[in-house]
Each structure stands twice: as structure tokens, then as C-alpha cells.
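Take a look at the structure set out below.
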Amino acid sequence: MKRLFSFLVAVVVALSVMASGAMAKEVKVGVVWPMTGLVAAFGQSAWRGAKLAQSMEPTAKDGAKIHLILLDNKGMKVETANAVSKLITEDHVKAIIGAITSSNTLAGAPIAERYKIPMLTSSATNPLVTKGKKYVSRVCFIDPFQGSVAAKYVWNNLHAKTAAVMIEKDQDYSVGLAHAFMKAFKKLGGKIVSVSFFQSTDQDYSAQISTIKSKNPDIIYMPSYYQEIALFCRQARQYGLKQTIMAGDGAEADALIKIGGKAVNGVTFTTHYDPHAAATPLSKKFLKLFKAKYHEDPDAMAALAADAYFVLVNAINKAGGAKATPKKINYYIRHTKNFKGVTGVITIDPKTGNAIKSAVIRKVENGKFVYVTTVNP
Amino acid sequence: MNRNTILTVLSIVLLFLFVWYGEHHFTAYTIRIWENTAIFLMLAASYNLINGVTGQFSLEPNGFVAIGAYVAAILTLTPAQKEAMFIIEPMVPWLAHLHMSFLPALLVGGLVTAFVGFLLGFPVFRVRGDYLAIVTLGFGLTIRVISNNTITITNGALGLKGIASYTNIWWCFGWAVLSMIIIMRIVNSAFGRAMKAIRDDEDAAIAMGINTFWIKMAAFVIAAFFEGVGGGLLAHLITTISPTMFTFFLTFELLIIIVVGGLGSMTGTVIATVLVIWGSELLRVVEQPMNIFGLHIPGIPGMRMVIFSVLLIVIMIFAREGIMGQREFSWDAFFNFLKKVRARR
Amino acid sequence: MNLTIVLQQLVNGISLGSLYGLVAIGYTMVYGVIRLINFAHGDVMMVGMYFAFVGVAMLFLPWWAAFLLSMIATAFVGVIIDRVAYKPLRNASRISALITAIGVSFFLENLFLVVFGGVPKAFPVPSVFGGAINIHGVIFPNIAIITPIVAMVFLAMLLFILHKTKYGMAMRALSLDMETVRIMGVNVDMVISIVFAIGSFLAALGGIFWAMRYPAINPLIGIMPGLKAFAAAVLGGIGSVAGAAIGGFIIGVSEILVVALFPALAGYKDAFAFLFLIFVLLFKPTGIMGEDLERGRF
Chain A
2 MKRLFSFLVA VVVALSVMAS GAMAKEVKVG VVWPMTGLVA AFGQSAWRGA
52 KLAQSMEPTA KDGAKIHLIL LDNKGMKVET ANAVSKLITE DHVKAIIGAI
102 TSSNTLAGAP IAERYKIPML TSSATNPLVT KGKKYVSRVC FIDPFQGSVA
152 AKYVWNNLHA KTAAVMIEKD QDYSVGLAHA FMKAFKKLGG KIVSVSFFQS
202 TDQDYSAQIS TIKSKNPDII YMPSYYQEIA LFCRQARQYG LKQTIMAGDG
252 AEADALIKIG GKAVNGVTFT THYDPHAAAT PLSKKFLKLF KAKYHEDPDA
302 MAALAADAYF VLVNAINKAG GAKATPKKIN YYIRHTKNFK GVTGVITIDP
352 KTGNAIKSAV IRKVENGKFV YVTTVNP
Chain B
10 MNRNTILTVL SIVLLFLFVW YGEHHFTAYT IRIWENTAIF LMLAASYNLI
60 NGVTGQFSLE PNGFVAIGAY VAAILTLTPA QKEAMFIIEP MVPWLAHLHM
110 SFLPALLVGG LVTAFVGFLL GFPVFRVRGD YLAIVTLGFG LTIRVISNNT
160 ITITNGALGL KGIASYTNIW WCFGWAVLSM IIIMRIVNSA FGRAMKAIRD
210 DEDAAIAMGI NTFWIKMAAF VIAAFFEGVG GGLLAHLITT ISPTMFTFFL
260 TFELLIIIVV GGLGSMTGTV IATVLVIWGS ELLRVVEQPM NIFGLHIPGI
310 PGMRMVIFSV LLIVIMIFAR EGIMGQREFS WDAFFNFLKK VRARR
Chain C
37 MNLTIVLQQL VNGISLGSLY GLVAIGYTMV YGVIRLINFA HGDVMMVGMY
87 FAFVGVAMLF LPWWAAFLLS MIATAFVGVI IDRVAYKPLR NASRISALIT
137 AIGVSFFLEN LFLVVFGGVP KAFPVPSVFG GAINIHGVIF PNIAIITPIV
187 AMVFLAMLLF ILHKTKYGMA MRALSLDMET VRIMGVNVDM VISIVFAIGS
237 FLAALGGIFW AMRYPAINPL IGIMPGLKAF AAAVLGGIGS VAGAAIGGFI
287 IGVSEILVVA LFPALAGYKD AFAFLFLIFV LLFKPTGIMG EDLERGRF
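Sequence lines, in order, name chains A, B and C.
Heads up: take any position in the first sequence, counting from 1, add 1, and you land on our numbering.
Heads up: take any position in the second sequence, counting from 1, add 9, and you land on our numbering.
Heads up: take any position in the third sequence, counting from 1, add 36, and you land on our numbering.
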């Protein structure tokens, strides 16, 4: 009975997959992102970027259509593993883009490794994601790098000797990046005068603000996401906290300014690109099209997602288009060199799979993101 | 050995033949979904024991599964791995050097969870009905909060990564069958009758002299044990765990399963687990763009969950007994049914 | 810990507490009449926020119109939820109704995720609510002072309705003995709908003020406040409106103060409400206002 059922189920699944696939020459690419669940915002943003990138370069050089199959992982590890498994063994994708968060990417990575399917993540910054793996790569820099960039910047450019750190305790991005910053800052000679915690669902930071105020640091480092930073800034400015707030790439989104208003002026953060920085032709084109379609600037998630797409297609082209094998595609992903992507010039280290990229420092000034400087690796 | 026992043994053998066939012929994806199904079956069956059979509306699974997962994972990770992973704060020494193999780790995970269930039972069973639900919900939340904050034990938000993927389809189905056998025997014993009595009318049960507190506690602890083992299996299937994995949504999924199957019916739980797990994957269809008769319907990500919640509401309004109600499959009933069919011809 | 900070946090806590209280009232009233923990109530608060957002940011209504309309619309939503999902289960077991409530909660969350997306939206705060006043160097955000006052006003109105009007009497009677009330010829379904309407109206009010204090809204924003508001309702004595308000204050103030006094415990903040809850249930299950559940009265 169960066998019959399972067979029927398999038939229906196969039919449904066929119903959604195109029949012509194509390269199937799986995309695993959170479209629902707690981190749906990131997945939805990334999908916008990826879709736009696809419309800009819908086929490989030999005309093969790049067919993106998007599976929602609901922001959960179990779903990520299932989705990656499905894409590889049922949909026979040649590559996978995903996931957004490091922990979810780690749930899918072993499966990609086992089947030797290249997995490219646009935004997972935890070093463990690519460590010891041959088939997992990323187009973004990793947290230790980002943290030390921030530390160097506040030490050298902002002349900060003391710092207060705000850590979002239930987000591994925040915990990891804060840790990297504190390590680097202490190494330079700086002193961490207070470490405060909060959770993603918290919206009231008045307690942490009073603690920080009493310690009077030179700067505040808050490696969190734009919503939390915006809310924090509003309350901090209301209570008279005047220090500069330094953040990571999670800060970069239009919503930061929309939610934060005047309070976020002065927020400085490390990120992946700036339209005014060494902009590539691709970056300018993407920016223009994105603004025309969505009436706002792309955030880091969207831009990185687009880069994951472009880097992948670049590798597919080099590997032979529709004839490319996953192994070859992986080779060319890992050997991406000086690729002029949306977020800048990307080179991937063949040994680690991490992207060697400059970090850009941006700042909010008068309600707009402005470019400050570039920090090279 | 009577006819029924022989038939049951035969069915189990057939099941394992199916598993063996599947291992060699199904795609890895299909195998994975079956592994998920088996683990969820164990979780749902034990959840049904406390919820459907004993009638205590508890929302505890996500908490217990988390405990089992963390304990088992901490035990199977090598000291070297732990040292590499705990980058924020080093792990407490008495845990950092602990290391054991898969089965003992699973068992310890289950036992620790059962022990926590035992401790929790004291405050929990002082209340009834809706309050019990809220207290157990709070427990699940508290476990998540604790795992986020006790960095020296759980590594906080960073979680545990690189867990060895010991879980395979044999472990999953093995444990599923074992737990079903044990739970079914309990349900069909005097123990089980006492549980059902509590469900049907707790005050009457007390009047009959049943020690309701200890029966409830027993159901709770047994449920905790299997939920803990299930957590351990999950941890070694996904190979990475963190507090975000054990949210109320997990409890919600199990709740859907036992409601759809019929609160109190283990047979129903089996059917419902297969339906819900596979159905959830099949429903991915609505999130993909579809070409039906030339009409291009764009995929709407997120529709799956909307459909699921609507389904639950509809089932509760129109078919709240679920598929099996409180009935169980039994060979006798099956043969009676066949006789009737034959007689009708 | 100087006086300034304690004062500021106290005001903050009272403000947060009144928000919890407003939402808690909806829980407690619904529980009082139909003995249902309306899991979806926190999400009703979210619905109110989004309606207000649509009113101001997309329909460009003046803020007072948008707010009022959204509260009324949310009241309707509450009534619809009751009619569609809870009424058919009026005579079913409590577990069934609870499970349905969980289903409605998930439905609302995911529906709004599909419609509005998961990206947080900036809630437009009218200038009269923004800003802060400075008293002797102690800074108080306007909204932190306005919120408790508004909450008090509405609470007073509600208590008036409950104790001085016919419908109020019907509601209170219903919580005591539904069958008898029905026999007496009262349109029970209508009264229950009114209870849902009032509860949802107040939840929307709470939601709007919440969104003005913390102006980033997303479809999942109602979950935690909903749970905490429920804890507040139980703490205050489930079934008692005044109790819900008191419970809300206690939880709001303690949440803020504990984090202010013991910053290291900030990560455990969410668990506080539940710890309170468990304590209460263990030692005084009838809560602060102490009415026995079976003899529930507002």
C-alpha cells in the first residue's frame, strides 16, 4: 500500500516538475532561498535581484536558456536540505544558488558536496560554510575579513579607542561578525567597554542605550540588520546618544533610511559595493534597471544575488554552455578571476571558495547612502 | 503465535523490504523525504500519546526535540570539532571531552529528554486544558531562549555544525517501527485504557481510583523519550542544528499531523504523517510557475503555507475527527470488512 | 543606576505595558465568553498595523482617518474570523477550537507575507507623535507618554460599556453562563461578535501605537507581543478586563526594568513573560484579580 502510494506520489511529482520546466535547450539551476518564514525579507530581496539578473542575461553564450528553479526553504535547515536534495536528484540541476543564511547553507552544503554539484551562496559570511569543501563557494567576503575592516576603519579613520558592541544574540551573522570585530579591535589596541545583547524580536533598546550611555564609548559597533539598526538609532538619538554607529553589510537597505529617518544619518557600515565606487559597467546597468523596475536602490542581498547569478553564468559559459558538466562549472566558479560583477571585481580563491573582494565603507548622509572609501584585502 | 501476530510480523518484514528496495532504487531526494517521514512518524506518534490518547493538550514537542538533538549532537561531535566550532566562548570542559558513538548518544539524548519531561511534569500537570497548552508552549520557548544564551553548552546562535550524518533510512525506519510497537502496546494495555479514561473524563477517572497524575506523567515521559531520540536522528540527518530549528512551527506541523490522522489513533498518525510530509513537498508545485493548458500562472512563493493553514482550518471545521477518529487498524476489523465486501457480492 | 534612568525606564515600561494591556484585553474578553485562547489575536494586532500603514502610506489619508478606519476594519476582521472559523466549533471540544485558532494565526501571518512581502515596512509616524520632551534633562519620547493616557481612556470607555450598558451586561452574563443567557432570548452570537469586535478594535489601537513607537512592521510582528499579552491576561486573571490591563503593566514594566538592571539577562527577555505565567499558574491560577474561571466575570 505504501509502495503504491509512494509510486503515485513520485509520478505526480515528476509530472509537476515537467509541467513547470521548459523543454528546449537549457541549463537548470536550482535556487534555494527563504521566501517565507522569519527571514523571508532577505530571500524575497535576493530573488528580485536574481530575477533581474536573469532578465539581463537569460541565456548562456550558446543560446541555452538558464532555467532558475526556486525552492522556498522557509528559512529552515530541514527544508534547505530537502530542497537541495530535490533539486539535485529530481530536477537534475547543474548548480545551486543558495541559501541566504550561513546556517541554512551549511545544511545543504554536505549534499552538494556529496553529489559534486557546485553550490554558490550569495550572502553566507560564516567561514565554516566553505571550510574543507570543494564544491561550495561564495561571492561575498567572510566575517573575519569584514570585522577586521570595520575595526581598522574605526581605529584609523574615526580614531576610536573605545567601543561598545551591540550583539543580536539569536542571529549567527551578528554573533560571528561582532566576535570578529572585537578580536581585531583589541588587537589594534582598542578597548571594548561594553557588550550588550538583544534579540531579533526585540524592539525596545532603551535599557541597552542607558548602559552604553553610561560607559561613554567612542563608537558603537552594531553588526545587525537594517530594521534593528534603524529602530536602535531612533531610540538612541531620542535619548541623546551621539556616538557614530558602525555596522556591517546587514545594514544596507533602503528600509534603513525609510524606517530610521533622520536618526540614521551618520551610520557607517562595511559592505560589498557602492554605485560610486569602482563601478563596473554591469553594476551601472543593474542599478539602472533595478531602480526603474522597483523604484528603489537594490540592497546588498539583491546585488549579491545578481552577482551569484552572473558569476555562475560566466562559469557555465566557460564550461561549455548546455554541454557543461557540474564538475566543470564548479572548476570555473572556483577560478573566477577579476570578474566585473555588480558588487565590484570578484575573484574567488580556488583553494577556499571565498571571494577576494574589497570591502566598501558607506555612510548615511542626509538620507542617502554615500561612499566613503574602499578597503582592499 | 496467532494469526494477527503473524500478519503484523509479515507486514513489518514487507516494510523493511520496501526500505531495502528504496535504498537502492529511489533518488536521494525521495529517500530523504522518507527519512523525514519516518522521524516525524515517531515524533507524531509519541505526541499523539500525550495529546490524543491521554487527552492532555500539550505543545511541548519543539522543546523536547531540541533537547534530544543537542544532547545527541554534543555527544557524537569529537572534542576536536567542538574546539574548532566554539569560537565565541569555549565549551564547558565536562562536555567538551565527552564523545560516544551514535546509538548510545541517541539513547542518552532520549533519556535526558525523558528526565526533563519528568521534571517538567510536576508543574505542568498541576494545570489543565488550555493552560497546559500555554505552559508547554512557554516551555518550548524557554528552551529556545536558553539554547540561544548558554553559549558554553550550545554555542548559542551559531549552533552546532558538521555533525556526522549517521542517520540513514534504516535507522529512521527502525526507530519508527520500534516506537510504534512500544506505543501501540502501551495504548492497548491497561495503561492505555487508563490514559483514555483520563482523556474521556478526568474527574471520573480520579473517582475510579486511577492515579491520574502518574499516568499523565508516564505518558509525558515516554513521549519525551521518543521525541528526544527523534531530535537526535534529525540532528544527524541535517548535520547542523541551531536554536532556530526548533520553533513553534515544528509543533504546529506535528499538530496538523495528529489532527488530520485523528487524535488518539496511531493508525491515523501513520497515514497522516505520510500525507502531510509528502503533501508538503508536492504543494511546492503552487510555488512554481505553471503552464496549464497554455495559461502561464506565475509561481507565488509562500502560497504553500497559506494553503496549509487553510487546510487545517477547513479540517477542523468540517472533519475534525480526522481520518481515523479514534479508531485503530486491526487485523480482525480488516478481515471483517473483507467478509462484508464478499458477502455483499 | 541613577534616578534619570530609572524614571525613563519606568515611563518606557508603563508605555510598553499599556500596549500589552490593550492586546491582553482582547484575549481576556474572548476567553471570558467562549473559553477560547484566540491564538490569532496577536496577528489581529498586526492586521491593524498594516491597515493603518495602507491608509497613510498608500491611500494618503490623514492619519487620524487612517487610524480610525483601520481600527474599525480590524474589528470587522475579528468578527469575520469568529464567524468563519470559531462559530462552527462552538460546541466542539476546546482542543479543536484551539487548534483552529492556531490555524487562523498561521493563515494571517502567511497571507500577509504573500501580500506585503517579508521586508519590514517603515510605518509613517505623524509628527505629533514623534519627538520627545525634555524635563530637567530627562528625556521622554512623546509617544511613551501619550500611549498610557490613550490606553487609559479606552479602558475607561470599555469598563463603562461593560458595566453600564445593556450589551455590556450581556457580555458579562455570557461569561458566566452561556446557555441560560441564550434561553433568556439574548442573541448570543451577536454578543460574541461584539466581543470580538471590541477586542480586535483595541488590538488594532495597540498595534498602531506599537508601530509608532517602533516604526518597522512586518507580518510576523504580532507573534511575541501576542504571547506576552496572553501571559499578561492570565497574570491579571483571565476573564477580567481590569486584570488584563494590570497584567500588561506588570509584564511591560518588569521586562524593561529587568533588562535595565541586569543587562546580562537581555537575552532571556522573552522568557520572563512565561516565567511569570508559570509562576502564576502554579501558585495562584486565578491570577491577580482572582476570579474563579468557572465563575468568570469581567
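For each residue, glycine too, the CB sits at the ideal point set by N, CA and C.
Residue-level contact to chain B via CB, residue i, 8 Å cutoff
i	result
V79(A)	yes
M57(A)	no
N339(A)	no
D250(A)	no
L313(C)	yes
I244(C)	no
L39(C)	no
G68(C)	no
Spatial neighbours of residue i in its chain, beta-carbon cut-off 8 Å, leaving aside the 5 residues before and after
i	result
A75(C)	The sequence shown places Phe at residue 75(C), not Ala. Taken in chain order, the residues that qualify are L134, A137, I138, V140, S141 and G262.
T17(B)	W340
T85(B)	H108, M109, S110, F111, A114, I172, A173, Y175 and H245
Contact check, residue i vs residue j, beta carbons under 8 Å
i	j	result
P156(C)	I230(A)	no
L305(A)	V40(A)	no
A268(C)	A280(C)	yes
V137(A)	I168(A)	no
I326(B)	P124(C)	yes
T278(B)	A54(B)	yes
L302(A)	S124(A)	According to the sequence provided, residue 302(A) is Met. The question's Leu does not apply to it. In contact: M302(A) and S124(A) (Cβ atoms closer than 8 Å).
A100(A)	T126(A)	no
G68(C)	G323(C)	no
F159(C)	I253(C)	yes
G31(B)	R208(B)	no
P251(C)	V161(C)	yes
F310(C)	G119(B)	no
7 Å Cβ shell around residue i - same chain, five flanking residues per side excluded
i	result
A307(A)	G50, A51, L53, A54, F287 and V343
M107(C)	G84, F237, A240 and L241
F222(B)	F134
N48(C)	A180 and I292
I317(A)	V28, A61, A325 and I330
Chain C contact for residue i (CB, 8 Å cutoff)
i	result
V371(A)	no
A54(B)	no
A237(A)	no
P70(B)	no
R353(B)	no
Same chain only: Cβ atoms within 6 Å of residue i, ignoring 5 sequence neighbours per side
i	result
F229(B)	I59, G126 and G130
R331(C)	With a pLDDT of 42 at R331(C), under the threshold of 50, the modelled position of that residue is not reliable, and the figure given next carries that caveat. Counting only Cβ-Cβ distances below 6 Å, and skipping sequence neighbours, we find nothing.
K26(A)	A65 and A323
G201(B)	I195
Under 8 Å by beta carbon: chain E residues contacting residue i
i	result
D225(C)	Going by chain labels, chain E is absent from the structure shown, which instead holds the protein chains A, B and C.
Neighbour flag for residue i against chain A, beta carbons, 8 Å
i	result
A101(C)	no
M260(C)	yes
Item to complete: Could you please tell me which residues of the segment 309-328 of chain B, in chain order, have their CB closer than 7 Å to any CB of chain C?
Response: I309, G311, M312, M314, V315, S318, V319, L321, I322, M325 and I326
Worksheet item: Along the segment 216-231 of chain A, what residues have a CB closer than 7 Å to any CB found in chain B?
Response: none
Worksheet entry | Under 9 Å (Cβ pairs) to chain A, residues found in the segment 229-255 of chain B | L243, L246, I247, T248, T249, I250, S251, P252, T253 and M254
Worksheet item: Mind listing which residues of the segment 283-302 of chain A have their C-beta closer than 7 Å to chain C's C-betas, in chain order?
Response: none
Worksheet item: Between the segment 116-140 of chain C and chain B, which residues of the former have CB atoms less than 7 Å from a CB of the latter, in chain order?
Response: A121, P124, L125, A128, R130, I131, S132, L134, I135, T136, I138, G139 and V140
Discussion item. Under 7 Å, CB to CB, which of the residues in the segment 143-154 of chain B have a partner in chain C?
Written reply: I143, V144, G147, L150, T151 and V154
Fill in: Ordered list of alpha helix (DSSP H) runs contained in the segment 120-182 of chain A, each at least 4 residues
144-157
Practice prompt. Using a Cβ-Cβ cut-off of less than 7 Å, list which residues of the segment 147-169 of chain C approach chain A; keep chain order.
Written response: L149, G153, G154, V155, P156, A158 and A168
Fill in: Any alpha helix (DSSP H) of 4 or more consecutive residues that is wholly inside the segment 86-118 of chain C
99-117
Worksheet item: Of all the residues that make up the segment 182-193 of chain A, which are near chain C by a beta-carbon distance shorter than 7 Å?
Response: none
Practice prompt. Using a Cβ-Cβ cut-off of less than 7 Å, give me the residues of the segment 272-306 of chain C that come near chain B, in sequence order.
Written response: G303, Y304 and D306
Worksheet item: If you measure beta-carbon to beta-carbon, which residues of the segment 176-191 of chain C are closer than 8 Å to chain A?
Response: P177
Worksheet entry | Members of the segment 258-271 of chain A that neighbour chain C once the beta carbon cut-off is set at 7 Å | K259 and I260
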